[in-house]
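Accompanying notes for the structure given below.
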Amino acid sequence: MSQPQTACLPDTAGQANELDVSSFGGLTGFAVLDQNGCLVSANARLLELLDDRVRGSGKLDPFSLELHSHSAKELADALTGTDNANLQLDFSNGVRRYLQLGQLRASRRLLLISATHFEESSQADPELDALTGLGNRHRLQQTLSRLESDRTRLSAPHGSTLSNDAPAILLVDIDRFKQINDTLGYRIGDSLLKLVCSRLRRLTTESDPLLRIGGDEFLLVLHASDDAHNAIDLAERIVDLMSRPFLVEAQQLDIGVSIGIAFFDEQTPDSATLLQHADLALQQAKTRGRRQACIFQPSMAVDAQRRRALEIDMRRALALQQFRLVYQPQVDLRSGRLVGFEALLRWEHPVRGMVSPAEFIPIAEDTGEIRRIGAWVILQACLQASLWPDGLKVAVNVSPLQFDDGNLPEHIDTALQQSNLPPEQLEVEVTEGLLFQNPDAALAQLSRIRQMNVDIAMDDFGTGYASLSHLSRFPFTKVKIDQSFVRGAVDDRTQALVSCIISLGSSLGMRTLAEGVETSEQYRRLQESGCDAVQGYLISRPLEAGSVGNFVERCTRQIQGGDVAA
Amino acid sequence: MSEDLMRVVYVSQNTIEGDDECLTRQIEQILGSARRRNREVGITGALMFNRGLFAQVLEGPATAVEETFERIQCDLRHAEVVMVACEPIATRSFDQWSMAYVGNREQVPAVLLEMANTTGFDAHKIDADAVNDAIRTLLTDE
C-alpha cells in the first residue's frame, strides 16, 4: 500500500561506507540503527510493517509504537543492550511482527522485521522440532556426546567425580498423551505439547539442553554444577506443575508426567548407557503408578537384563516344547464325584528349571507372546481332554489379551473341531481384568463362545473390581471363589462373604467353585454353605497329563465307597 | 474483538510461607501484575484469599483466559489447583474489575468458609456459581 520512498530520516547517513538498506526489496523490513535507536536507513517494507509509526520521529521508540507493554519492554531492553536479539512484537491492535537485531560495526545495528517467524521463513533446521522449537531426536546424539566430552574434560584432573555432582538427565514422558490426541485431535494435542514445553522451560534454565525426543517424550540435561538434590527437586517440581490442569481451546486437559532420572556417574560407561538408565527409571516410575519421578538404581538394569533373557527364552519355549499342561481335579461337593480338571500351564526350562507362571505370564502379556501361547494351551487342553472318559470337563485360562483380535471364538471353534471334544466339556476361565479393558468387545466374544455351548467361568472372583453388574451382564456359567477366601484362618466376615458369593451365584443361575481347598474342615464348611464344587491340594495337586487316567480310575473306585476327599 | 467470552473458576491452596506481612506483600504483587496484564488483554475477574485458599474467577476472550490461566498455573505460590468451572459465558460478572480482591476478612461467605473448613479440601464438591456469586456479593457490599 505505501509507496516505496525514502523516509524522512535524520541525515546521519552521510558518512562513507555506511550500509544503506533503503533500496532492499523483499518481504523483510531492513533498517540500520544508530546507538540512540534512530533510523540511519530503512527500506520501505520496514515502514510498512511498522504501519508508518516510525516515519515521523525517524526513531525506533519502543514506547511510541503502540506495543503491548511486555513487547515494549522487551524491545527497550534489546535496544539498550548490545546483544543480538530475536523478539516477537505484539501491537495493541493485535498485529504481531518478528524482529531481529544484529550488531554492525561502529555502533550501528541492523534491524530486521518480518510478518512471519524468521525460523519459519528460513530453511527448517532438521535438528529442531517444528512444533516446540526444541532440539529433536537428531540432536540427541550431539547433546549426549557433548555430555561425554564434558565429563572427560572435567574429571581428568581430579581423577574422580562424585556421583552427587555428576551431570544428570531427566526423561520426561507425558502420561495419557495418546488419549488426548485420539479423543480431542492433533490440533489440541499440539497445543498441549507447546504448553508442556513452555512449562518445562519455565522450570529450567536456557543453558540446560531440552529436547523433544519422541511424540510425548522430553529429555532434559542438567550439567555438572547441579547436585543430586537439584535434579530430584526439579523432577518433583516438574511432576507437580504438569499435574495442574491445562486449558486449551476452552477445554480442561488433565495429564501428568512420569520422569526417569539418571546420573552420569563413574559407574555409567557412556552416554548411551546413561540414556538406557534414564529409560529404565522412567519405566519404573510408570510401573509405580505414574505422576512421579524415579531415580535409576543398578538393580533396575539387573532386572531388565534378566527379564530380557527370560523374554528370549520364552519366545523359543513353544518351539522347543518346554511348555506343558498339568491338570488340577475339580470335585462336586454334593455327590463327591470328580467333575473335571483345570488346565494349568507349566514351563520347564533346561537351565532355569521350573519358571513360575507369575513370572512369565506378565512378560508374555507384555510382549504379545501370550496370543501364541494361549492358542497352544486351548488346543492342547482340548486334545488331551478328548481322551478322557465322557463328561469330564476341562477348564482353560484365557488372558484378556487373547480377546484383542476379536477372533477368540473362532480359535476355540477350531480347537474343538481338531480335537473332537464336545463343546460342553470345555470351560473358558477369564479374570476380572477383561471386563475393564474392553468390556464391549469382551462381551460380544464371550456371548459367541457361550452360544457354542462352551461354559464360561469368572476366575478369582472377589479379588479385583468386578461388581455385581458385571456378573449379571456377562454370560458366566460359573463363579470361582478365590483361594484367599478359603485358605488360612477364616473369620466370620470372610465366611459371610463366601456365603454371599455362593447365594449370589446360585440366584443368578451360576455354579460356584472354591479354589485352594486344603483341609477337610474347609471342605465341610464349603459343603455346608452350598458351594457346588471345589479344587485344591485336599483333592489333589495338579497332575501330569499321563496320570489323569489313573486318577480318574481311582476316583471311580473310591466313589463307590464315599467322597473323594472324605 | 468478537471472540467468545469464557469463564474459569478455580480454587487452590496457598503455598506462600512466612508471616502475614509477607503474605500481604505477595498478594499485593500478584494483584498488581494481574490488574496490569488483565487490562491489556481484556480479562476481568476476582481473586479471593482466605484461610490458606485462593479462589479466582477469570473471564474474558477465550484465548486471553487460556493464556492468563496458564501463567497462573505455573505460579508456585499456590498448589492443588482444582478447576471448578471452565465454560462459555454470555456476560461478565465482574466487568468493572480487572481483578477485584476479597481478602482476609471476618465476613466470609458460607460456601467459602465451608470449603476452607472441610478437612481434606475436597474442592471438587464446590459449586462454581456459588463461588462466583459469593465473591460478587462481597464486592457489591463494599
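For the protein sequence lines, the chains are A and B, in the order given.
Under our numbering, the first residue of the first sequence carries the number 1, and numbering increases by one thereafter.
Under our numbering, the first residue of the second sequence carries the number 1001, and numbering increases by one thereafter.
Virtual Cβ for every residue (Gly too), placed ideally from N, Cα, C.
- Contact annotation: residue 41 of chain A and residue 32 of chain A have beta-carbon atoms nearer than 8 Å.
- Taking every protein chain shown into account, the CB of residue 294 of chain A has 16 or more other CB atoms within 10 angstroms, so this residue is buried.
- In this model, residue 556 of chain A and residue 533 of chain A are separated by some 17 Å (Cα to Cα).
- For residue 252 of chain A, the chain B residues whose Cβ falls inside 9 Å of its Cβ are 1008, 1083 and 1086, in order along the chain.
- The beta carbons of residue 1015 of chain B and residue 1077 of chain B sit about 6 Å from each other, so the pair counts as a contact at 8 Å.
- At a C-beta separation below 8 Å, residue 1062 of chain B has these neighbours in chain A: 249 and 250.
- Per DSSP, residue 180 of chain A has no beta-bridge partner at all.
- Chain-order list of chain A residues neighbouring residue 1079 of chain B: 240 and 244, by C-beta distance under 9 Å.
- Straight across, the Cα-Cα distance linking residue 310 of chain A with residue 279 of chain A is about 20 Å.
- With respect to chain B, the C-beta atom of residue 383 of chain A has no partner C-beta closer than 8 Å.
- Within the same chain, and ignoring the five residues on either side of residue 1005 of chain B in sequence, the residues whose Cβ sits closer than 8 Å to its Cβ are 1059, 1060, 1061, 1062, 1088, 1089, 1090, 1091 and 1092.
- Its Cα nearest to that of residue 1079 of chain B, the residue B:1013 stands out among B:1008, B:1013, B:1031 and B:1047.
- With contact defined as three or more Cβ pairs closer than 8 Å, the region 1025 to 1040 of chain B and the region 44 to 60 of chain A are not in contact.
- The Cβ atoms of residue 244 of chain A and residue 203 of chain A do not sit closer than 8 Å to each other.
- Take the alpha-carbon of residue 253 of chain A and the one of residue 217 of chain A: they are about 18 Å apart.
- Within the region 202 to 255 of chain A, the runs of alpha helix (DSSP H) that reach at least 4 residues and sit entirely inside it are, in chain order, 228 to 243.
- Look at the beta carbons and you see the region 185 to 195 of chain A not touching the region 99 to 111 of chain A: under three pairs across the two are nearer than 8 Å.
- Under the DSSP assignment, residue 394 of chain A falls in the beta strand (DSSP E) whose first and last residues are 393 to 397.
- Annotation for residue 415 of chain A: 378, 379 and 382 place their beta carbon closer than 6 Å to its own, counting only its chain and skipping 5 residues before and after.
- For residue 547 of chain A, no Cβ of chain B is located within less than 8 Å of the residue's own Cβ.
- Buried is the label assigned to residue 478 of chain A, since at least 16 other Cβ atoms lie within 10 Å of its Cβ.
- With contacts defined by Cβ atoms closer than 8 Å, residue 386 of chain A and residue 335 of chain A do not form a contacting pair.
- The alpha-carbon separation between residue 422 of chain A and residue 342 of chain A amounts to approximately 16 Å.
- Taking a contact to require three or more Cβ pairs closer than 8 Å, the region 299 to 309 of chain A and the region 507 to 519 of chain A do not qualify as touching.
- Between residue 463 of chain A and the set A:454, A:408 and A:480, the nearest pair of CA atoms involves A:480.
- Within the same chain, and ignoring the five residues on either side of residue 398 of chain A in sequence, the residues whose Cβ sits closer than 6 Å to its Cβ are 428 and 430.
- When the alpha-carbon of residue 330 of chain A is set against those of A:153, A:513 and A:187, the nearest one is in A:513.
- Counting only unbroken stretches of 4 or more residues, the alpha helix (DSSP H) elements lying wholly within the region 443 to 498 of chain A are 468 to 473, in sequence order.
- What residue 202 of chain A touches in chain B, judged by beta-carbon distance under 8 Å, is 1074, going in chain order.
- Minimum Cα-Cα distance from residue 497 of chain A among the listed residues A:529, A:474 and A:470 corresponds to A:529.
- Fewer than three Cβ pairs drawn from the region 484 to 498 of chain A and the region 440 to 458 of chain A lie within less than 8 Å of each other, which leaves the two stretches out of contact.
- By the 16-neighbour rule on beta-carbons within 10 angstroms, residue 312 of chain A is exposed.
- For the C-beta of residue 69 of chain A, the chain B residues within less than 9 Å are, from N- to C-terminus, 1036, 1037 and 1040.
- Residue range 293 to 295 is occupied by the beta strand (DSSP E) that includes residue 294 of chain A.
- Taking 7 Å as the Cβ-Cβ cut-off, the region 170 to 200 of chain A approaches chain B at 195 and 199, given in chain order.
- With a contact defined as Cβ atoms closer than 8 Å, residue 212 of chain A and residue 132 of chain A qualify at about 5 Å.
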